[in-house]
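**Student:**
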Amino acid sequence: MPRPGFVLEVDRSTPPILFWRGENFSLEKLPADRSRIIYAPEPHKVIDDIDGAIRHSLLNPIDMDPLPTLLFPGMKLTIAFDDISLPLPKMTRPDIRQRIIEAVLDMAAEAGVDDVHIIAALALHRRMTEDELRHQLGDRIYDAFAPRGMLYQHDAEDPDNLVLLGETPHGEEVEINKRAAESDLLVYVNINLVAMDGGWKSTATGLASYRSLRHHHNTHTMQNSRSFMDAHKSELHKSNWRMGEVMRKHGPKIFQIETTVNNDTFPKPFDFLAKREWEWNGRDRAKFVAAKAGLNRTPARMARNIFHGIEAPHNMTSIQCGEVEAVHKVTTENVWKQQLVEVQGQTDILTMGIPFICPYNVNSIMNPILVMCTGLGYFFNLYRGKPLVREGGVVIMTHPTTNEFHPVHHPSYIDFFEQVLTETTVPHELEARFEKRFAEDDWYRHLYRTSYAYHGVHPFYMWYWGSHGLQHCGKVIIVGGDAPTVRRLGFTPASTLNDALEIASDVVGRSPTITHLHTPPIMVADVK
Amino acid sequence: MKALRIDRNTGRFMLARLVSGIDTGSAAKIGPLTLGDDDAPALPGSGWHRVYPRLTGICGSDLATVEGHASTYFENWVSFPFVPGHEIVGELESGERVVIEPVLGHAARGHALPFENAAPGDGDDYAHLALPPLEPGIQIGFCNSTGGGWATELVAHESQIHRIPDDMSDERAVLIEPLAGGIHSALQAIESVRGVESPVIAVQGAGTMGLCAVAGLRAFAPHAHVVVGARYPAQMRAAKELGATTVVKSSELSRTVRHVVGCHVVGDYLSSGAHATIDAVGNSDSIATSIRITRPRGRVVLMGMPAQVDVDLTGLWHRETELKGSYTYGTETLPDGSRRRTFDLAIDLAGTFRTERLLSATYPLSDYSHALRHAAEAGPRGAIKVAFDLRGERSKKDSTSKKEGQH
Amino acid sequence: MARDYPKQKTRSEVSRRVLQRAAGLAEGLEGLAMRPVKLWRTKGFPYRAPSIPRGVDVPAKKSTLGADFDTDFARGPGSRFVRRLLVAGPVNGMVRFLARPKVEGVDRLSDLANNDAIGGVIFAPNHHSHLDTPLMVTAVPKPWRDRLVVAAAADYFFDKRIKGTIAAIALNAIPIDRETTSRKSSDELRRLLARDWSLVIYPEGGRSPDGWGQEFKAGAAYLSAKTGAPVVPVFIDGTGAIFGKGMKRPKRGHTRVVFGAPLWPEEDENTRRYSERIERAVTLLGDESTSDFWTARRRAASGASTPLTGPDYTGWRRQWALYEHRKTGAAGQRRRQKRRWPDLG
């Protein structure tokens, strides 16, 4: 029986605690008697017979007829799936998406369906390489569909393949992939790594165009999503649900398949990284010392390759399919079951170790903008109820934050860093002054459509993601970060955690309360 | 008079060239430069004045000479031994403060002017530069007959002398000469974008000359998007203060120009690019970059002195890029059609841009090795313009010198 | 050339002399050896077997060959160690050299591998060649490879003690009667499955006589239904062209091993129907390996798959069709240019 999440009050005998620092980590001593550490619940058990569970679920959907009865000869069937940003790290083969899509295809073949398209719902994310697609979908699907042009990636900038379904009462345009919109059935295959994913966000975001996305990917919605992990209090989700309403009326019939995974994040020999420090045995400690010593001497590029090569042992804990909203309700419950940790009250200082990966740098480089987004966007928002840190409190992250960008994946990020952040770091200001130019830049569009680049506007979205955090916190400190780079982000660099706490005392006084988010594995603090 | 003099001594030139790679200060000591007590130059004729320098800047071309890097092109256009220094603010015997337009033009050399009211730098025949009555020399600071600014005394022709108002400090005035150069380059760039609604003009390099060019662009093309690539933080700050629209590290210049213009990238070249580029660096890399980031049929204004470079000009050929040299000042035709002398424009604008901000340090003549080292390392040491302060030198000799204009 | 002649002559002379010497030596040795033999021949019982008195009925000795070959020793720790070395080394090397196998579909077994409750698994491949067994022994993925038993024809592999011992140690073969389902062999297999040993059973019962497959016999389905062990359909392609029945020596080529999703007996399904389902699954894998996942499924759903057993007609046309069929499979594989993708580092 996996143990639930846990909040440790730090005392004098608490050992130093693991902090991630990009492709490295360190052990840091937190002040006794006023610090606490939030540990994630232990991984739930994976379903034994995953293929059986998939089949069972497809035959017994929620609020919808069994999938085989929805399939008929001569129909247009479109299967859309989540892109490489989920799950993190990538899972060992076979990926859940492959298993589900194979099961769906089995049924489609039996029903005599000929016209099937499989579309990666990547919105404004980068295109995936053949290897990455093969990892997600398996060789069988790739070899059967890709050469015939029946497996491809959504293009949010292809005017010929987008269709405007309508507008919400708020004037938000709903424009999605034409093939998906014109299908007799759209099957969406999702992996819900966090509660933010799934629901109408799958289709209304994953298959949408820039024109449609800008209505909910902006400073206003993000500052009013408290947090975006909690759909009920998230402006982002409200907008997506409004769009969902339009899709329900004017769009294709949608068969939503949602899955949850457990938080078994690290394979051997990295498994100690998810353990509680006082439970590290001799072998774990030896592995830590060896890994740390090794990583200190490893060139950054090589360390990146090692970490991005990690395939996590996490796997499916639940699958549910059928009507979008009904399904998403069950999914969210299942996600909470795995991730929720009850925490009493807010804190003055929130500390977090930023790991090597976030949804936007799989097989890539964690650049400074993504560090901001991971810290103030994702980790800050890992709460339900109230933010972990009090308003005006301090966030301390640990990460090397070097001025390094992936030239192929993140071209517009470099310009954003050089030309926008030098002017302003205020979200709504940079949104008003610079977003349009980036979004409409023909070269970024070209790279997004034909190369492996994130869309030109994507760095802005990253900044908006952290805008609530920026607004909420009195100060943000990055420990171990490259000083000029950290300053460019508008944050304060510090060389050690103690220095950072010292700097923070200007804002939160001499003896602040400290909370450390022991993530990864992912968890969500239920702040009472 | 006390003077820093450069002799024709091949051995010492070579030595300086070798040592300069390590340290300009040492190169200055063992190179062709010597500090001595020389005879003041004689007045070559009527219309000439004695000028007692108060501040004299150290220019990149001066450094190149001291370090033995100057091109052999100048063999026939200079006369040894000479006293370097051409960014001069000084005073006449009457006590009037003046800045010197250093080019030794037709008037100074007693030749007919190419046109009425021509400035020293005007004309399309340079024969007079190498002909008597003066020794050859393109300008004060390279001519044996006139002396130069790195001395307590020199001679200058009436046509070269610009009197400055009393309320202008020496520190501001010493940058008038480089500012005039900047205005000249800026106007050359602006000339090529006439009629363009919102031109993009890139400036490579933000040393004194690059910054002065930025000032010139700001003054005469306020509607232009000026992108500056600078290497050092102090330069970036200064460029921003002078009104550049976007300032980035020089390594990011091409990327930024692309973004500002919104064009594609094909290989190393931007598919389009800046309407005009001012290259204030002037080496192989910078010229190649300038061609890459300037749009087809655009203009590259070569402001930095290049010496011998190795550049693939296929792109220049294919894009029909105009590569335009930009040496100095003369008479300008402004965007509104009026004609004015560059120096007058610079004197007018020095106040607007508060050019004294660009003067980072002054040294006495005797400390020339530190001064030259500081000038050579200006970028990394956070400096922009380094100058010799000769005001003390004169008062030591001539206690009657007036104290004035110290703001 | 002319000069070579005398040389060759001398060489043959030398060899003749060597042979003579050798023969002499052998004679001498024989003489030495015969001496104790002759001595022993002079002795009678108990040094020699007793002669049987007339009128006495001696009970027939129990046969230890064929289906009765006892292979338990091959599952002891010593044999397992030796086998692991043999499989990883020479067997694997031989298979790679001869057959250049491409193994696909292992991902379909991940649920089986992750589920500790499942012990033995029955692998049911089609059968074209003696090469199939070494190929399976190397291709079956790790959790099962070390505990894998191969059902081998008792009359072929276990007719001689030495042959049987080698088959038992190297391939962990156990004898199976292919004609009559003997009680003993089926009990033995059930016992092994219960002890978490996995089996390779060729449901066709023997190698294909003409290159096309044969109808599946119910053995695998029967065992699965009795024990609850899952059946993993496997399609082996290309071995027939490398060392098919009737070929004197193997010819190098390409092969492919495709694993399918595991099957369980369904409720109210008799062994015969279950066996047909297994055959269909292997047929589907076969189709998948020559076309693609989607095409194969659509053809299977519309009943248009190429049957493993080949076309109904006989004679030369059947052979002709086989030739065409093989061209589409692994045997017809030429080295394909690998597509290159940019390194995005």
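Protein chains in written order, with the numbering used here: chain A, 1 to 528; chain B, 529 to 935; chain C, 936 to 1280.
From the three backbone atoms N, C-alpha and C, an ideal C-beta is built for every residue, glycine too.
(1) Leu185 (chain A) bridges to which residues according to DSSP?
(2) For Asp143 (chain A) and chain C, any beta-carbon pair shorter than 7 Å?
(3) When you compare the CB positions of Ala274 (chain A) and Met229 (chain A), do they come within less than 7 Å of one another, or not?
(4) Within the same chain, show all residues whose beta-carbon is closer than 6 Å to that of Ala568 (chain B), passing over the 5 residues directly before and after it, in chain order.
(5) So if DSSP puts Phe255 (chain A) in a beta bridge, which residue, or which two residues, is it bridged to?
(6) Val594 (chain B) and Ala561 (chain B) - do their beta-carbons sit closer together than 7 Å?
(7) Does the pairing of the segment 89 to 99 of chain A with the segment 62 to 73 of chain A give three or more beta-carbon distances under 8 Å?
(8) What is the DSSP secondary structure of Gln732 (chain B), reduced to helix, strand or coil?
(9) What residue from A:Phe460, A:Gly509, A:Asn192, A:Val174 has the CA that sits closest to His328 (chain A)'s CA?
(10) When burial is assigned at 16 or more other CB atoms within 10 Å of the CB, is Phe916 (chain B) buried or exposed?
(11) Just the chain A side, please: which residues come within less than 7 Å of Thr774 (chain B) by C-beta, in chain order?
(12) Cα separation between Asp939 (chain C) and Gln955 (chain C)?
(13) In chain order, what residues of the same chain lie with their CB nearer than 6 Å to the CB of Ala494 (chain A), ignoring the 5 residues before and after it?
(14) With 7 Å set as the bound, which would you pick, yes or no: does the beta-carbon of Gly907 (chain B) sit closer than that to a beta-carbon of chain A?
(15) Which residues in chain C sit within 7 Å of Asp264 (chain A), going by Cβ to Cβ distance?
(16) In this structure, does DSSP put Gly1001 (chain C) in helix, strand or coil?
(17) Chain C partners of Ala109 (chain A), CB-CB under 8 Å?
(18) Let me make sure I understand the geometry here. Which of C:Leu1021, C:Leu1158, C:Gly1173 has the alpha-carbon closest to that of Lys1262 (chain C)?
(19) Hey, is Val527 (chain A)'s beta-carbon within less than 7 Å of any beta-carbon in chain C?
(20) Whole-angstrom Cβ separation of Ile310 (chain A) and Pro267 (chain A), contact assumed at under 8 Å?
(21) Does the beta carbon of Glu725 (chain B) sit closer than 7 Å to a beta carbon anywhere in chain A?
(22) Indicate whether the contact test is met: 3 or more Cβ pairs, each with one atom in the segment 722 to 735 of chain B and one in the segment 765 to 785 of chain B, closer than 8 Å.
(23) Determine the chain C residues that contact Pro94 (chain A) at a beta-carbon separation under 7 Å, and present them in chain order.
(24) Quick one: Cα of Val617 (chain B) to Cα of Ala766 (chain B), how far?
(25) Is the CB-CB distance between Glu42 (chain A) and Arg3 (chain A) below 7 Å?
(26) Just to confirm the assignment, what range does the beta strand (DSSP E) spanning Met196 (chain A) have?
(27) Mapping DSSP to helix, strand and coil, what is Tyr654 (chain B)?
(28) Considering only the beta carbon of each residue, do Gln688 (chain B) and Ile628 (chain B) sit closer than 7 Å?
(29) So which of A:Gly345, A:Pro368, A:Lys436, A:Met372 has the shortest CA-CA distance to Glu391 (chain A)?
(30) Answer yes or no: does any C-beta atom of chain B fall closer than 7 Å to that of Trp463 (chain A)?
(31) Quick check: the Cα distance between Phe1170 (chain C) and Asp1005 (chain C), rounded to an integer number of angstroms?
(32) What residue does the beta strand (DSSP E) around Met352 (chain A) start on, and which one ends it?
(33) When you measure from the CB of Phe608 (chain B) to every non-hydrogen atom of the ligand ATP, does any distance come out below 6 Å?
(34) Sorted by chain position, which residues of the same chain lie with C-beta nearer than 8 Å to Val953 (chain C)'s C-beta, five sequence neighbours on each side aside?
(35) Is Ala208 (chain A) helix, strand or coil when you go by DSSP?
(36) Return helix, strand or coil for Pro484 (chain A), following the three-state DSSP convention.
**Tutor:** So, from the listed chains and residues:
(1) A:Leu77
(2) Closer than 7 Å: yes.
(3) no
(4) Met529, Glu681
(5) Per the DSSP secondary-structure output, Phe255 (chain A) pairs in a beta bridge with A:Val187.
(6) Sequence check: residue 561 (chain B) is Leu here, not Ala. Yes, the Cβ-Cβ distance between Leu561 (chain B) and Val594 (chain B) is below 7 Å.
(7) no
(8) strand
(9) A:Asn192
(10) buried
(11) Gln419
(12) Confidence in Asp939 (chain C) is poor, its pLDDT being 48 and thus under 50, which makes the residue's placement unreliable; the coordinate value appears in the next sentence. So the two alpha carbons sit approximately 25 Å from each other.
(13) Ile477, Val479, Ala500, Ile503
(14) no
(15) Those do not exist, as Asp264 (chain A) stays about 12 Å from chain C at its closest Cβ, beyond 7 Å.
(16) helix
(17) Trp1229, Arg1232, Arg1233, Ala1235, Ala1236
(18) C:Gly1173
(19) no
(20) Taking the Cβ atoms as the reference, Ile310 (chain A) lies roughly 7 Å from Pro267 (chain A), within the contact range of under 8 Å.
(21) no
(22) Because the criterion of three Cβ pairs below 8 Å is met, the segment 722 to 735 of chain B and the segment 765 to 785 of chain B touch.
(23) Here the neighbours are Asp1042, Ser1045.
(24) Rounded to whole angstroms, Val617 (chain B) to Ala766 (chain B) spans 23 Å at the Cα level.
(25) Contact flag set, yes.
(26) Unbroken run through Met196 (chain A): none, as it is neither H nor E.
(27) coil
(28) Pairing Gln688 (chain B) with Ile628 (chain B) gives a Cβ-Cβ distance under 7 Å.
(29) A:Gly345
(30) no
(31) Whole-angstrom Cα-Cα distance: 30 Å.
(32) For Met352 (chain A), the enclosing beta strand (DSSP E) has its first and last residue at 347 to 353.
(33) The ligand ATP is not among the ligands present in this structure, which contains no ligands whatsoever.
(34) none
(35) strand
(36) helix
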